[in-house]
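Below is one structure, written out as C-alpha cells; the observations come after it.
Given below as C-alpha cells:
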C-alpha cells in the first residue's frame, strides 16, 4: 500500500466512528436535500435538463481546442491576458511572479477549488504576501488552518458554536450563536480587506467561448468584490470549464445552484470579460486568466473516462454519498473528496498514488443517479479499479481471483470449496488471527455469516426439484 | 412457463432457504422450475474488485450454463444487475457481446418478474408482523426495481408495511468493499440498522440477500430484536 492509501485507511477508520461529525453532516445534508428536491421540481423536465447539460458539456469537450482558442482570442481582444498553465507549478509560479512584479502585498480570494488544486495560498505566502479567503466557509477553514471539507460547503463540518469560538479567539468578537451575527462579524472583518488588497483571485464556474467571459455563481457577493475592487484580477480556470455559447448559461446557471446548494438560482451571477475599459469607471486595471491543464488533456485523450471532465463541481454527489457522509471530506486527503474525488483524483494525479480511493465505495450508484451532467461515476470507479488492479493489484489478491476464476469454471471443485468452507468455519476462531486475513475486518463490528452444510443444491434434491 | 433458477453463490451456501422459497412461489403459480446444477457465480466479486479478466472467465461459464434457458429468475437484484449490465461491460467488443446482451434480457429479478412479467401481486401469502423494506442499491438503481417488492408486500395478509427513513440508502455491504473498508462498511450498516430500528419493525425485508447478510450481521452483533428476511420467504409464508 502507498502512503496515501495507508493514511486514507487510518483517517477513514477514525472518522467512521465520529458520530458528532456524521451528525452535523447529516443535518446539513437533510436541509440541502429538501431544497434540492423542490428546486428540481421547478424544472418541467429535470431529466431532459440533465441530458441537455450532458450534451452541451460533451460538445464543448469534443471540440475543446477550438473553443479554447476562441475563448483566448476574445479575452485578449478586450485587453485581458491569458496564461496556459500545463501543471500546477507553472500556474502557481505565474501568479506568484505576477504578484511580486506588481508589488502586491495582500490578496483577497473568492471561493475556488482550482486554486486549492494548485496549492496557491502557500506559494503566495512564501513570497511574503498576505492571502485572505473571503467566502464565509473558506474564511472559517482558513482561520482554522484547514482545507475545505466539501466542494461547495467548505465548513459544513463545524457547528455554529465552534465558529463563534473561533471568531472570538482569532478576531476578538463577542460569542454568539446567531448565524446572522456570525456572518456580520466576518463581513465587518472582510470589507476592510477588500479595499486594501492589491490583487483579487477567483476561480470560474464557466468560461464562455463565444464571448471570452468567465461566469461566477455565488451567494455572498464576496466574489464580485474580489474581482471588482483590487487593481489586478486573476481567474484560475480549469480548461474543462468551457461552455461554447453564452446561451448555454441559461441552463447551467439553473442546474448548478439546484444541485449545488438547492437554490433555484444563486444570489449573484457575474460575467467578467476583461479589465476596465476606457469608458468605464470601475473594475480592475489588469485581468489575467490562468487556464489550467494539470492532467486534464491527458484525461481528455482517454475515451473511456473523459466524461469525468464534464463535472461542474456542484458537489451534489458528495451529498448523496453514504461513504462521504461516513468518513467526511478530510479523510480523502485530496482537494476533491466524495465520489467525484474518488474518480477524478486517480485520473488527474495518478493511479498508483490515488487508485485506492476508487475502492472506497460500495458502488451504490447514488452519485450516478443524481449527477446533473450524467457522469457514470460508478462506471468510472469500476474502470479505475480495473486499471489499478491490472497494474498495481496486490499479489495475494491477484492470486485469489485467479483461483476464484479457476474454481468457478469447475462446478465440482466449486461445490467442494463450498463444503470445505462450511466444514472449516468452526475452525475460524483458531486461525482467524493470522495477519492479512481478509475476513478479520468483517468481524470487528459484525457477526460472521453462517455457511450452511446443506446447500441449496442439497435442499433442492431433497424436495425432488428438477435439475438440469 | 419454464423458469430457470439462477441461485447466487451466497444463496447456495448462506441463505439456501431463500432459493427454495422463491422456487416454491413460482411453482405455486403453476410454473415449471428447473435448476442448472453446473452454475457457480456471476463473477461480480472479481468484476467489482477490478479483475475483469478473471470475472470474464467466470461470466463465460455462466453464459455456457444459462444459454439454453428461456427465462432466468434470481432472488437478487445485484446479481441480476451484474448479468444485465455488468456483462455488457465485460463482453464489450468481444465475440460473445450479443449473446451476453440477449441473456441479460432474459434474466429477471424475482419481484420484478412477478409484478412486471407475470403481472401477479396477490400470492395468497400470510405473514403476521410489522415489516420495513430495504431497497438493494443495484435492484433500485441498475434495474429500476422500486415498487414491485412493496406492491407484493402490500398484498400479504396480516403484514403491516412501514417505510423507514432512507430505505434507498446503501446498507454498506458493497461486496469486497465490506472487507476492504470494514470500518466504513460497518458504520454504514449501523446507520442503516438505526433507521430500521426507528420504525419499530419486527422484520426488515429485502430483495437482495447480500444486503441481508450485512444487515443481519450488524443486527446480531448489536443484539437488536429485528429479523432480516428475504422477500421470497415472506411471500412463501402461509
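Residue numbers (our numbering), protein chains in the order written: chain A, 6 to 473; chain B, 27 to 264. For glycine and all other residues, C-beta sits at the position ideal for the given N, C-alpha and C.
Using three-state DSSP, classify residue i as helix, strand or coil.
{"i": "residue 11 of chain B", "result": "Any answer about residue 11 of chain B is impossible in this case: the structure gives chain B only from 27 up to 264."}
{"i": "residue 205 of chain A", "result": "strand"}
{"i": "residue 291 of chain A", "result": "strand"}
{"i": "residue 7 of chain B", "result": "Here chain B has residues from 27 to 264 only, and residue 7 of chain B is not among them."}
{"i": "residue 219 of chain B", "result": "helix"}
{"i": "residue 76 of chain A", "result": "helix"}
{"i": "residue 191 of chain B", "result": "coil"}
{"i": "residue 241 of chain A", "result": "strand"}
{"i": "residue 231 of chain B", "result": "strand"}
{"i": "residue 297 of chain A", "result": "strand"}
{"i": "residue 154 of chain B", "result": "strand"}
{"i": "residue 196 of chain B", "result": "coil"}
{"i": "residue 341 of chain A", "result": "coil"}
{"i": "residue 200 of chain A", "result": "helix"}
{"i": "residue 135 of chain A", "result": "strand"}
{"i": "residue 105 of chain B", "result": "helix"}
{"i": "residue 283 of chain A", "result": "coil"}
{"i": "residue 30 of chain A", "result": "helix"}
Between the alpha carbons of residue i and residue j, how many angstroms are there, rounded?
{"i": "residue 232 of chain B", "j": "residue 324 of chain A", "result": "25 Å"}
{"i": "residue 265 of chain A", "j": "residue 107 of chain B", "result": "30 Å"}
{"i": "residue 114 of chain A", "j": "residue 18 of chain A", "result": "34 Å"}
{"i": "residue 206 of chain A", "j": "residue 302 of chain A", "result": "24 Å"}
{"i": "residue 386 of chain A", "j": "residue 290 of chain A", "result": "45 Å"}
{"i": "residue 396 of chain A", "j": "residue 237 of chain A", "result": "46 Å"}
{"i": "residue 156 of chain A", "j": "residue 52 of chain B", "result": "49 Å"}
{"i": "residue 104 of chain A", "j": "residue 58 of chain A", "result": "37 Å"}
{"i": "residue 235 of chain A", "j": "residue 77 of chain B", "result": "54 Å"}
{"i": "residue 162 of chain B", "j": "residue 281 of chain A", "result": "57 Å"}
{"i": "residue 196 of chain B", "j": "residue 255 of chain A", "result": "35 Å"}
{"i": "residue 306 of chain A", "j": "residue 352 of chain A", "result": "11 Å"}
{"i": "residue 208 of chain A", "j": "residue 25 of chain A", "result": "32 Å"}
{"i": "residue 223 of chain B", "j": "residue 165 of chain B", "result": "23 Å"}
{"i": "residue 463 of chain A", "j": "residue 30 of chain A", "result": "48 Å"}
{"i": "residue 154 of chain A", "j": "residue 192 of chain A", "result": "21 Å"}
{"i": "residue 169 of chain A", "j": "residue 35 of chain A", "result": "23 Å"}
{"i": "residue 430 of chain A", "j": "residue 456 of chain A", "result": "7 Å"}
{"i": "residue 443 of chain A", "j": "residue 35 of chain B", "result": "19 Å"}
{"i": "residue 388 of chain A", "j": "residue 423 of chain A", "result": "30 Å"}
{"i": "residue 69 of chain B", "j": "residue 241 of chain B", "result": "23 Å"}
When you compare the CB positions of residue i and residue j, do they come within less than 8 Å of one another, or not?
{"i": "residue 240 of chain A", "j": "residue 273 of chain A", "result": "no"}
{"i": "residue 139 of chain B", "j": "residue 109 of chain B", "result": "no"}
{"i": "residue 64 of chain B", "j": "residue 91 of chain B", "result": "yes"}
{"i": "residue 212 of chain B", "j": "residue 244 of chain B", "result": "yes"}
{"i": "residue 101 of chain B", "j": "residue 45 of chain B", "result": "yes"}
{"i": "residue 294 of chain A", "j": "residue 121 of chain A", "result": "no"}
{"i": "residue 248 of chain A", "j": "residue 277 of chain A", "result": "no"}
{"i": "residue 184 of chain B", "j": "residue 153 of chain B", "result": "yes"}
{"i": "residue 406 of chain A", "j": "residue 75 of chain B", "result": "yes"}
{"i": "residue 359 of chain A", "j": "residue 373 of chain A", "result": "no"}
{"i": "residue 163 of chain A", "j": "residue 242 of chain A", "result": "no"}
{"i": "residue 9 of chain A", "j": "residue 335 of chain A", "result": "no"}
{"i": "residue 39 of chain B", "j": "residue 370 of chain A", "result": "no"}
{"i": "residue 171 of chain B", "j": "residue 135 of chain B", "result": "yes"}
{"i": "residue 72 of chain A", "j": "residue 88 of chain A", "result": "no"}
{"i": "residue 441 of chain A", "j": "residue 401 of chain A", "result": "yes"}
{"i": "residue 158 of chain A", "j": "residue 33 of chain A", "result": "yes"}
{"i": "residue 61 of chain A", "j": "residue 96 of chain A", "result": "no"}
Would you list the one or two residues that DSSP bridges to residue i?
{"i": "residue 16 of chain B", "result": "Shown here, chain B extends from 27 to 264; a query on residue 16 of chain B therefore has no answer."}
{"i": "residue 61 of chain B", "result": "A/472"}
{"i": "residue 228 of chain A", "result": "Paired residue(s): none; residue 228 of chain A is not in a bridge."}
{"i": "residue 186 of chain B", "result": "B/156"}
{"i": "residue 219 of chain A", "result": "A/212 and A/277"}
{"i": "residue 255 of chain B", "result": "B/231"}
{"i": "residue 114 of chain A", "result": "A/138 and A/206"}
- Message: Please identify, using Cβ separations under 7 Å, the residues of the segment 194-208 of chain B that lie next to chain A, in order along the chain.
- Response: 195, 196, 198, 199, 200, 203, 204, 205, 206, 207 and 208
- Task: Check each residue of the segment 350-374 of chain A: if its Cβ is closer than 8 Å to any Cβ of chain B, include it; give the result in chain order.
- Result: 364, 365, 366, 367, 368, 369, 370, 371, 373 and 374
- Using a Cβ-Cβ cut-off of less than 7 Å, give me the residues of the segment 244-271 of chain A that come near chain B, in sequence order. none
- Item | Residues of the segment 407-425 of chain A with Cβ closer than 7 Å to any Cβ of chain B, in chain order | 407, 409, 410, 413, 414, 416, 419 and 423
- Message: Give me the subset of the segment 228-240 of chain B whose CB atoms are less than 8 Å from a CB atom of chain A, sorted by chain position.
- Response: 239 and 240
- Message: By the 8 Å beta-carbon criterion, what residues does the segment 45-76 of chain B contribute toward chain A?
- Response: 45, 46, 49, 58, 59, 60, 61, 62, 63, 64, 65, 66, 67, 69, 71, 72, 73, 74, 75 and 76
- Item | Proximal residues, the segment 301-314 of chain A versus chain B, C-beta separation under 9 Å | none
- Below 8 Å between beta carbons is the criterion; list the residues of the segment 163-177 of chain B that meet it against any residue of chain A, in chain order. 163, 164, 167 and 168
- Could you name the residues of the segment 78-102 of chain B whose beta carbon sits closer than 7 Å to any beta carbon of chain A, in the order they occur along the chain? 78, 80, 83, 84 and 87
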